[in-house]
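Novice: In this note's numbering, the protein residues as written are 46 to 147.
#1: Is it the case that the Cβ atoms of residue 95 and residue 118 are separated by a distance below 8 Å?
#2: Alpha carbon to alpha carbon, what distance is there between residue 85 and residue 55?
#3: Return the first residue and the last residue of the alpha helix (DSSP H) that residue 74 is part of.
#4: Buried or exposed: where does residue 106 fall if 16 or more other Cβ atoms within 10 Å of its Cβ makes it buried?
#5: Does DSSP classify residue 102 as helix, strand or coil?
#6: Using the three-state DSSP reduction, which class does residue 119 fall into: helix, strand or coil?
#7: Taking residue 60 as the reference, give the member of 80, 91 and 112 with the closest Cα.
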């Protein structure tokens, strides 16, 4: 089982690619999205996952697709699951192609 490099958390993308270049504060973003500062702060500091609802809000505000945000979160989550369950996953043997045809 190959584990690639750790994917970027969506909070890092939000912080580095949106907030900083736009000179936008977390407080301003929270107000614009109608959400709590704490929510934005925890996402930006990579302590909270990005929900589908937040993905929709961010997409609307920044003119991106919801999928961009959700894909970032999914890649990050899948990576964490693979790392956390590495020993268990190694014990699961893939079904052989010839077995699948029966």
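For glycine and all other residues, C-beta sits at the position ideal for the given N, C-alpha and C.
Fair warning: this is a prediction, and the values are worked out from it, not measured in the lab.
Specialist: In terms of the structure at hand:
#1: yes
#2: 11 Å
#3: 71-78
#4: exposed
#5: helix
#6: helix
#7: 91
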